[in-house]
Amino acid sequence: MTSPRTDLREVHLHSILETIPEAMIVIDARGRILSFSAAAERMFGYAEQELLGENVSVLMPSPDRERHNGYIDNYLDSGERRIIGIGRVTTARHRDGSTFPIDLHVGEARIEGEPVFTGFIRDLTERQEAEHRLHDLQSELAHVSRITAMGTLATSIAHELNQPLTVIANYVEAARDMLVEPDPATLALVRETLDECAAQSVRAGQIVRRLRDFISRGETERGVESLARVIHEAIALALVGAGERAVEVELRLDPDADKVLIDRIQIQQVILNLVRNALEAMAECPVRQIRASSVREQGLVRVTIEDSGPGLAESVAAQLFQPFVSTKTEGMGLGLSICHTIVNGHGGRIWAEPSPLGGTAFHLTLIDGAGESDGGDGHG
Ligand code: ADP
C-alpha cells in the first residue's frame, strides 16, 4: 500500500510532530492512531510505539470511549460537524486513569483518498505550569464569591427591611392625624414625638436604599475582555472537580461576539456557577453534555450555557434567582442569585429556559465591547 511518496510524507510529518509544542494525534477513519506527537506522549503518559494502531478511544473516559467510533461514522455518513473544524472543551484520560480537561481542535485531511483526522490538544489544566494559575484563579473567585454572597444577603435584607419601614412611616403619620382632636397640652408633645418617628423611619429607609443602590452598582473594574478566555477558564475550573466521568463540552463561540465590557473575575464567577450547576444537575445522567455559545444580538452579546440534564424542578423554576432557593441538600441557594446580582450590575439580563439538549439553558446578556477601546487606564 505504501508508496515512496507516502513514506516521505510520513518522515516529514514525524519531524513536525517531534517539534510542535501542542499535542497532536493523527487517526484514520476507523479511529486507529497513525501518529502521536512527543507532546502527546508527555500529556497522556504513553509512548507513541505503544499506541500506534490502537484505537484513539483509549485516551477518552466513558462514555466517549465507547461512542467514539460512532462519532466518526456519523460524521463520515452525514457530514454533520460536531467537533471537526469547531473545537471543543472535553475530558481526556491519562494512562494512569486520571482525567483532565482539554481543548480539542480536529482538522480533516485526505491522504491517498482516505480521510485522516488530526487532533490538536491543549491541556487546560496544563498540569505543571498552570496549576498555580488555577489555584490563584480559584482563590480569587472564592474571594469574590464571598463578597458577592454578602452583597446578595444585604440586598435581600434591604428588601425585607424596606417593607416594615414603609408601614411604620404610614402608621405613625396616621396616628399623628388621629390625635388632632384630644387635649391640646399633650398633643404638641405627641405630635413632636411622632414627627421624629416618621423622620427616623424615612431616614432608615434612605440608608437601606443607598445600600441597595451601592450593591447593584457595585465597585467593579470593567474592561474589554475576551469572552472566549473567560469561558475557557471558567469551564476548565468547573471541570477540574468534575470527577471521573466524561462531560462533552461544546463551544460555539461567535468570534464576532468575543469582546465584552465586563469585570472579568465577576463574569467568570457567573459562568463557573452556571457550569457547576449544570454538572451537578447531570450527576445522575449517563450522557453529560454542556454547550457554551455566544451570539451578537441588538448591540449586546448573548451568552448561553446549556446542559442535557433533567431541567428545572418545578419547585424552583418560578423563583430561580431568589436567594436561598435550592433543591440540593447541601445547597445554599445563593449561586443563581449571585449570578443575577452580577449580571444586573453589568447592565445585562439573565434568564433560563428549556434547552434543546434536553436540560436547562441559561442565557445572559453582556455589553458588547467591540466598539470600546481598552485604553489601558486601569481597565482589564
Ligand atoms: P444551589 O446550587 O446552592 O442550589 P443555585 O442558586 O445555584 O443554588 O441554584 C438553585 C437551584 O436551581 C438548584 O438547587 C437547582 O435546583 C436549580 N438549578 C440551577 N441550575 C440548574 C440546571 N442547570 N439544571 C437544573 N436545575 C438547576
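My numbering puts the first residue of the sequence shown at 544, with every later residue one more than the last.
Glycine is no exception: its CB is placed at the ideal position from the N, C-alpha and C atoms.
As the structure is a prediction and not an experimental result, all values here were calculated from the model.
In the DSSP secondary-structure assignment, V803 is bridged to E768, D911.
When distances are taken from the beta-carbon of L855 to the heavy atoms of ligand 1, the shortest one is below 7 angstroms. Of the residues M567, A904, G888, N887, the one whose Cα lies closest to the Cα of E591 is M567. Between ligand 1 and S869, a heavy atom-to-CB distance of less than 7 angstroms is present. Checking the 7 angstroms criterion, the Cβ of N713 is out of range of every heavy atom belonging to ligand 1. Shown here, G890 sits in coil according to DSSP, grouped into three states, outside any helix or strand. When distances are taken from the beta-carbon of G876 to the heavy atoms of ligand 1, the shortest one is below 7 angstroms. Contact between L780 and L815 holds: their C-beta atoms lie close to 6 angstroms from each other, under 8 angstroms. Here the distance from the Cβ of L843 to the nearest heavy atom of ligand 1 is not below 7 angstroms.
For G852, the shortest C-beta to heavy atom distance toward ligand 1 is below 7 angstroms. In terms of Cα proximity to K802, the closest of V838, E827, E791 is V838.
Residue range 607-621 is occupied by the alpha helix (DSSP H) that includes D620. For the pair of segments examined, the region 572-580 was found to touch the region 598-610: the number of CB pairs separated by less than 8 angstroms reaches three. Judged by DSSP in its simplified three-state form, G662 adopts strand. Pairwise C-beta distances place the region 610-622 out of contact with the region 576-586, as fewer than three of them are shorter than 8 angstroms. For the options V649, L667, L722, the alpha carbon positioned closest to that of F660 is the one of V649. Judged by beta-carbon spacing, Q809 lies beyond the 8 angstroms limit of I893, meaning their Cβ atoms are not closer than that value.
Rounded to whole angstroms, P853 and G901 show a C-alpha spacing of 7 angstroms.
Beta-bridge analysis with DSSP links F643 to A635.
Taking 7 angstroms as the cut-off, one finds at least one heavy atom of ligand 1 near enough to the beta carbon of T903.
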